[in-house]
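All remarks here apply to the structure that follows.
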Amino acid sequence: MNDTIRTYFDAFNAGDVDGMLACLSDDVAHHVNEGQVRKGKEAFAAFCAHMNRCYRENLTDMVIFDAEGGTRAAAEFIVNGTYLETDEGLPEAKGQTYRLPAGSFFSLEGGKITRVVTYYNLADWIKQVSA
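Counting with my numbering, you get residues 467 to 597 for the letters of the sequence shown.
Right, dumping it as structure tokens:
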């Protein structure tokens with residue numbers, strides 16, 4: 467199992483943004499679901515601050531996959547969350563909870579994450595928080 471990816475997700479579940487940032491290269495490319503690619507740790511940190519303000523999430527049922535050579539990895543997991551504050555363009559937040567399958571893909575170089583891509587079904591999330 468890839469230690470960098472495990473450390474990254476352990477930091478995520480602990481709410482430790484600095485721990486997540488320590489796993490990233492300075493020029494990390496962050497491909498978000500339904501959004502633009504963000505470049506660099508500063509943009510990643512700003513994204514995390516926004517997400518932590520609007521959502522409280524914990525990832526479970528984690529399965530991490532490694533490609534030979536340690537330059538690629540992927541993870542499949544369940545996002546267990548609470549919608550805390552209304553996010554622009556999305557339904558109103560009222561403390562709704564959700565459970566959503568998701569996946570992330572990674573490129574690595576020198577033990578650091580150089581690319582993060584995360585996918586989930588936004589329509590499923592909207593349905594859950596709108597119920």
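Glycine included, each C-beta is placed from N, C-alpha and C at the ideal position.
Where the beta strand (DSSP E) containing residue i begins and where it ends
| i | result |
| --- | --- |
| ASN587 | Where ASN587 is concerned, there is no enclosing beta strand (DSSP E), given that its DSSP letter is neither H nor E. |
Residue(s) in a DSSP beta bridge with residue i
| i | result |
| --- | --- |
| CYS496 | Residue 496 is actually His in this sequence, not Cys. DSSP, once it has assigned bridges, lists ARG504, VAL582 as partnering HIS496. |
| PRO567 | ILE544 |
| VAL529 | GLU542 |
| PHE572 | ALA539, VAL582 |
| ASN524 | ASN546 |
Residue range of the alpha helix (DSSP H) that includes residue i
| i | result |
| --- | --- |
| ASP469 | 469 to 480 |
| ASP484 | 483 to 488 |
Nearest candidate by alpha-carbon position, reference residue i, set the options
| i | options | result |
| --- | --- | --- |
| LEU550 | ALA533, VAL529, GLU523 | GLU523 |
| ALA540 | ALA480, TYR585, ALA488 | TYR585 |
| MET528 | THR473, VAL595, SER596 | THR473 |
| CYS520 | SER491, ASP553, GLU508, ALA512 | ASP553 |
| GLU558 | ASP532, ILE592, GLY536, ARG565 | ILE592 |
| GLN562 | PHE475, ASN468, GLY506, SER596 | SER596 |
| THR526 | ALA495, ASP590, ALA480, GLY535 | ALA480 |
| GLY485 | ALA589, ARG538, LYS578 | LYS578 |
| ASP469 | LYS505, LEU556, GLY576 | GLY576 |
| CYS514 | LEU566, PHE572, LEU487 | LEU487 |
| GLU610 | ALA509, LEU574, ILE544 | Past the boundaries of the shown model lies residue 610; the chain is included only from 467 to 597, so the question cannot be answered. |
| GLU542 | GLY555, VAL494, GLY506, PRO567 | PRO567 |
| MET517 | ILE530, VAL498, PHE531 | VAL498 |
| ASN546 | SER491, VAL503, PHE572, GLN594 | GLN594 |
Proximity below 9 Å, CB of residue i to CB of residue j
| i | j | result |
| --- | --- | --- |
| ALA582 | VAL494 | A small fix is needed here, since residue 582 is Val in this sequence, not Ala. Result yes, Cβ atoms of VAL582 and VAL494 sit closer than 9 Å. |
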